[in-house]
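Undergrad:
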Amino acid sequence: MEAQEAKSHSEQISHGTYVLVWLALIVLTCITVAASGINLAAFTIVVTLLIALTKASLVVNIFMHIKFEDKIFKVFLGIAGFTLFVIFSLTFADVFFRR
Amino acid sequence: MADIAVTPEHLGHSYLENTGKRKGIAAWIFSTDHKRIGILYLISLFTFFSVGVILGILMRLEMLQPGGKLFNAQDYNALFTLHGVIMIFLFVIPGIPATLGNFFLPIQIGAKDVAFPRLNLLSWWLYVTGAIVILLSLFQHGLPDTGWTFYVPYSIRTGTDVTMAVFGVFILGFSSILTGLNFITTIHRMRAPGMTFFKMPLFVWALYATAWVQVIATPVLAITLLLIIIERVFSVGIFDPSKGGDPVLYQHLFWIYSHPAVYIMILPPMGAVSEIITTFSHRTVFGYKAIAMSSLAIAFIGYLVWGHHMFVGGISETAQFVFSLLTFLVAVPSGIKVFNWVATMYKGSIDLQPPFLYVMAFIFLFSIGGLTGLVLGSLATDVHVTATYFVVGHFHYIIFGGGVFIFFGALHYWLPKMFGRMYNKKVANWALAILFIGFNMLYFPMLVMGYEGMPRRYFTYLPQFETWQRISVVGSWILVAGLIIMLTNLIRGVFKGEKVGNNPWGGTTLEWTTSSPPPPENFEEIPVVTHEPYYHPEAAN
Chain A
1 MEAQEAKSHS EQISHGTYVL VWLALIVLTC ITVAASGINL AAFTIVVTLL
51 IALTKASLVV NIFMHIKFED KIFKVFLGIA GFTLFVIFSL TFADVFFRR
Chain B
1001 MADIAVTPEH LGHSYLENTG KRKGIAAWIF STDHKRIGIL YLISLFTFFS
1051 VGVILGILMR LEMLQPGGKL FNAQDYNALF TLHGVIMIFL FVIPGIPATL
1101 GNFFLPIQIG AKDVAFPRLN LLSWWLYVTG AIVILLSLFQ HGLPDTGWTF
1151 YVPYSIRTGT DVTMAVFGVF ILGFSSILTG LNFITTIHRM RAPGMTFFKM
1201 PLFVWALYAT AWVQVIATPV LAITLLLIII ERVFSVGIFD PSKGGDPVLY
1251 QHLFWIYSHP AVYIMILPPM GAVSEIITTF SHRTVFGYKA IAMSSLAIAF
1301 IGYLVWGHHM FVGGISETAQ FVFSLLTFLV AVPSGIKVFN WVATMYKGSI
1351 DLQPPFLYVM AFIFLFSIGG LTGLVLGSLA TDVHVTATYF VVGHFHYIIF
1401 GGGVFIFFGA LHYWLPKMFG RMYNKKVANW ALAILFIGFN MLYFPMLVMG
1451 YEGMPRRYFT YLPQFETWQR ISVVGSWILV AGLIIMLTNL IRGVFKGEKV
1501 GNNPWGGTTL EWTTSSPPPP ENFEEIPVVT HEPYYHPEAA N
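Structure (structure tokens):
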């Protein structure tokens, strides 16, 4: 049954989509590198993190098939993601306010 | 709790008897039975605990007189580093989840084993591998001397073998993550018919909350430790200020894991406390849902407060304010637990057995730890006592007086179930009394000395601290005497103790419905759960 599930997941995503996502990841990495050379002051980190979030979403949904999984797995991932968001926010409470 | 009759006392054979192809030690170290793996962890943990205690005693002995009579500064640095690494990463973090959690989680939810038995065995092997790698670091380029926190920039510059020690801890992290993953899956997928989430024992709730912390927080430590190795090997400059790096970033990353890790250490003991109190009060636990939810709340709030370890580390004033405020939030769910425990005892038919007395000791010692934590959570007072003996005293009251005392108490509670034999209760009570006296003599003077300005991690001290230091040293001897008596009594109980029935304490959770020691698959037939876990019909009437 698990094998059938895995098969149905892989059938829902075409090989072309995988290649497109892979190319998107490479492009986004290039944008990250390019953005580090532009002086956006405090927004540099925000831009970088937004790009990273987009990349992570693509990997999790397409390559890891979370898009097709049960709700419980999405909830689990949501909890982990929310915790990460809180951790980043509190770290910025230090970094952005240092004198 | 279950709608089945209590299982006969001896169901053919127990998990202690070899039934497979393998014999001797191989039947244990390659076993995928969660109970055997729990015992393997128990033996491993207490082996390292003994080493950690010896190192601690040596550190105290150094303080008998000022002036570094036994060890020089470098050796003393190595001693407290090893003591910290062994006690934290090899004993208290795996602690109750890896040992008693492994043994009792599946039984308490009516399962035959954990969801991934082989992964469970792999976790133990990773633990052993990590421990060996740490020990190897002792024989390479000198003992690591950074303290268990591996703070940069010192940890990336010291010539001692930090790389190997850090890599060992990295491996241990995987063991912890896999155990957490196993427990979460087991709780979601393997509960007996009728066991809804709110019919689970509170020990299982505590393990569940802990498992989430293990899974989410430990990877942060893993990547942080890898960054240290990368810094040492490739000199990238992530943390090194001379290369434009940020050493405070290391502290953030380290404490993002290591503060939640404190809850990995303390949540499972709190779960065990809920079990012990309700059993020996012969009453349904007061505020079941509140205690269960407070475990999750502590696990979550634990992620919000790491900055209080860094108040004097160079973080912004805004961060200092935010983290100080958030730190006080932890007191709310902790208070919920303590008040509900006390309310459970109220009008209960209390039976003063050794496990219950350990819980009483825990509440006293943990309260001192908690109240001294307020001093450290408040910005103004923290600045005065930071990096002093006050922190060492507070930490040991929380982790040793809280977590480890309940580890001992939980062992006294569940040992008859694990081995079908009872230890000498009178000796157990004496051992606790000696432990309690030794503990307070050892650590209370540290609070006083810290308040008076005695810095931690120094191999010598000013003459003004001599009296308190000596009281503390004598306390360490008494504590060790208590430990020896306690462990000897337990070990003797395992082999020669009086045989006991299935339910010597009158417990109501599922483990007390199976035989002592349990059969390999825990139950003759999977139980069907019909009512809440702490149902005492005699108290309900």
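As given, the protein sequences belong to chains A and B, one line each in that order. Heads up: the first sequence begins at 1 in my numbering, then just goes up one per residue. Heads up: the second sequence begins at 1001 in my numbering, then just goes up one per residue. Just so it is clear, CB atoms sit at the ideal spot from N, CA and C, and this is done for glycine as well. This structure is a prediction, so every number in the text was calculated from the model and none was measured.
1) Which word fits B:I1491, buried or exposed, when buried means at least 16 other C-beta atoms lie within 10 angstroms of its C-beta?
2) When you measure from the CB of B:M1360 to every non-hydrogen atom of the ligand FAD, does any distance come out below 6 Å?
3) With DSSP as the reference, identify every bridge partner of B:M1422, one or two as the case may be.
4) Would you please state the rounded distance, in angstroms, between the beta carbons of B:T1509 and B:P1201? I believe it to be under 8 Å.
5) A:L28 to A:I51, Cα distance in whole Å?
6) Within the 7 Å Cβ cut-off, does B:Y1263 reach chain A?
7) Pick helix, strand or coil for B:T1160, following the three-state DSSP scheme.
8) Give a yes or no on whether the minimum CB-CB distance between B:S1281 and chain A is below 7 Å.
9) Please state the DSSP three-state secondary structure of B:P1520.
10) Let me check understanding here. Comparing Cα to Cα, which of B:W1341, B:F1356, B:W1477 and B:R1457 lies closest to B:T1388?
11) Applying the criterion that 16 or more other CB atoms from any shown protein chain within 10 Å of the CB defines a buried residue, is B:E1231 buried or exposed?
12) If contact is defined by three or more beta carbon pairs under 8 Å, each pair taking one atom from either stretch, is the segment 1252–1262 of chain B in contact with the segment 1299–1317 of chain B?
13) Please report the distance separating the alpha-carbon of B:I1216 from that of A:N61.
14) Let me check understanding here. Comparing Cα to Cα, which of B:G1506, B:W1430 and B:V1500 lies closest to B:L1487?
15) Measuring CA to CA, which of B:F1046, B:G1450 and B:I1276 is closest to B:T1344?
16) With 7 Å set as the bound, which would you pick, yes or no: does the beta-carbon of B:S1014 sit closer than that to a beta-carbon of chain A?
17) Would B:G1409 be called buried (16 or more neighbouring beta carbons within 10 Å of its own) or exposed?
18) For the alpha helix (DSSP H) holding B:E1231, just list the boundary residues, first then last.
19) Please tell me whether B:F1459 and B:G1068 are closer than 7 Å, where the distance is taken between their beta carbons.
20) With a CB to CB cut of under 8 Å and the five nearest residues on each side skipped, what residues in its chain are close to B:A1131?
21) What is the rounded straight-line gap between the Cα of B:H1259 and the Cα of B:L1058?
22) Within a Cβ cutoff of 7 Å, which residues of the same chain sit near B:K1499, ignoring the five residues on either side of it in sequence?
23) Measure the C-alpha to C-alpha separation of B:L1135 and B:A1165 and round it to an integer number of angstroms.
24) Mind checking whether B:F1339 and B:G1271 have CB atoms under 7 Å apart?
25) Classify B:P1269: buried if its beta carbon has 16 or more other beta carbons within 10 angstroms, exposed otherwise.
26) Quick check on the DSSP output: the alpha helix (DSSP H) that includes A:N39 runs from which residue to which?
27) Which stretch, first to last residue, makes up the alpha helix (DSSP H) that contains B:K979?
28) How would you label B:Y1154, buried or exposed, when you count the other beta carbons within 10 angstroms and need 16 or more for buried?
29) What does a CB cutoff of less than 7 Å around A:K67 pick up in its chain, not counting 5 residues either side in sequence?
30) Is there a C-beta anywhere in chain B that falls below 7 Å from the one on A:A80?
31) Thinking just about the alpha-carbon of each residue, which of B:A1192, B:Q1074 and B:R1118 is nearest to the one in B:T1179?
32) If we require 3 or more residues per run, which beta strand (DSSP E) segments fall completely within the segment 1245–1270 of chain B?
33) Chain A partners of B:Y1303, CB-CB under 7 Å?
34) Using the C-alpha atoms, what's the distance from B:E1511 back to B:M1001?
35) By Cβ distance below 8 Å, which residues in the same chain neighbour B:G1370 in space, the five residues on each side in sequence not counted?
36) Counting only Cβ pairs nearer than 8 Å, list the residues of chain A close to B:T1149.
TA: Taking the coordinates as given:
1) Around the Cβ of B:I1491, a 10 Å sphere holds fewer than 16 other Cβ atoms; the residue is exposed.
2) Judged by which ligands are present, the structure shown has none, so any question about the ligand FAD falls away.
3) DSSP, once it has assigned bridges, lists B:E1498 as partnering B:M1422.
4) Right, the Cβ-Cβ distance comes to about 5 Å (below 8 Å), so this counts as a contact.
5) Distance between the alpha carbons of A:L28 and A:I51 is about 7 Å.
6) Not an interface residue.
7) In this structure, B:T1160 counts as coil in the three-state DSSP scheme.
8) By this cut-off, B:S1281 is not an interface position.
9) In this structure, B:P1520 counts as coil in the three-state DSSP scheme.
10) Ranking the options by Cα distance to B:T1388, first place goes to B:R1457.
11) The Cβ neighbour count for B:E1231, taken over all protein chains shown within 10 Å, is at least 16; the residue is labelled buried.
12) Output reads yes: the segment 1252–1262 of chain B touches the segment 1299–1317 of chain B.
13) Going by the C-alpha atoms only, they are around 19 Å apart.
14) Ranked by how close their Cα comes to the Cα of B:L1487, the residues B:G1506, B:W1430 and B:V1500 have B:W1430 in first place.
15) When each option's Cα is compared against that of B:T1344, the closest is B:I1276.
16) Closer than 7 Å: no.
17) B:G1409 comes out buried.
18) B:E1231 -> alpha helix (DSSP H) spans L1202 to F1234.
19) By the CB criterion at 7 Å, B:F1459 and B:G1068 fall inside the cutoff.
20) Around B:A1131: S1044, F1048, L1090, G1168 and L1172.
21) When only Cα atoms are considered, B:H1259 and B:L1058 end up about 27 Å apart.
22) The beta carbon of B:K1499 lies closer than 7 Å to those of G1420 and R1421 in the same chain, with the five residues before and after it left out.
23) About 8 Å.
24) Not closer than 7 Å, so no.
25) So B:P1269 ends up on the buried side.
26) Counting along the chain, A:N39 falls outside any alpha helix (DSSP H), and DSSP gives it neither H nor E.
27) Limits of chain B in this structure are 1001 at one end and 1541 at the other, which puts residue 979 of chain B out of reach.
28) Classification for B:Y1154: exposed.
29) When the five nearest sequence neighbours on each side are left out, the beta carbons in the same chain lying within less than 7 Å of the beta carbon of A:K67 are those of N61, in order along the chain.
30) When Cβ-Cβ separations below 7 Å define contact, A:A80 makes contact with chain B.
31) With respect to the C-alpha of B:T1179, the residue from B:A1192, B:Q1074 and B:R1118 having the closest C-alpha is B:R1118.
32) Runs found: none.
33) Neighbours of B:Y1303 across chain A, judged by C-beta separation under 7 Å: T83, V86 and I87.
34) Note that B:M1001 has pLDDT 49, beneath the 50 cutoff, so the model's placement of it is unreliable and the number below is only indicative. Their backbone Cα atoms lie some 10 Å apart in a straight line.
35) If we look at B:G1370 and ignore the five residues flanking it on each side, its Cβ neighbours are A1331, S1334 and I1398.
36) Residues of chain A with a Cβ closer than 8 Å to the Cβ of B:T1149 do not exist, since the nearest Cβ in that chain sits about 18 Å away.
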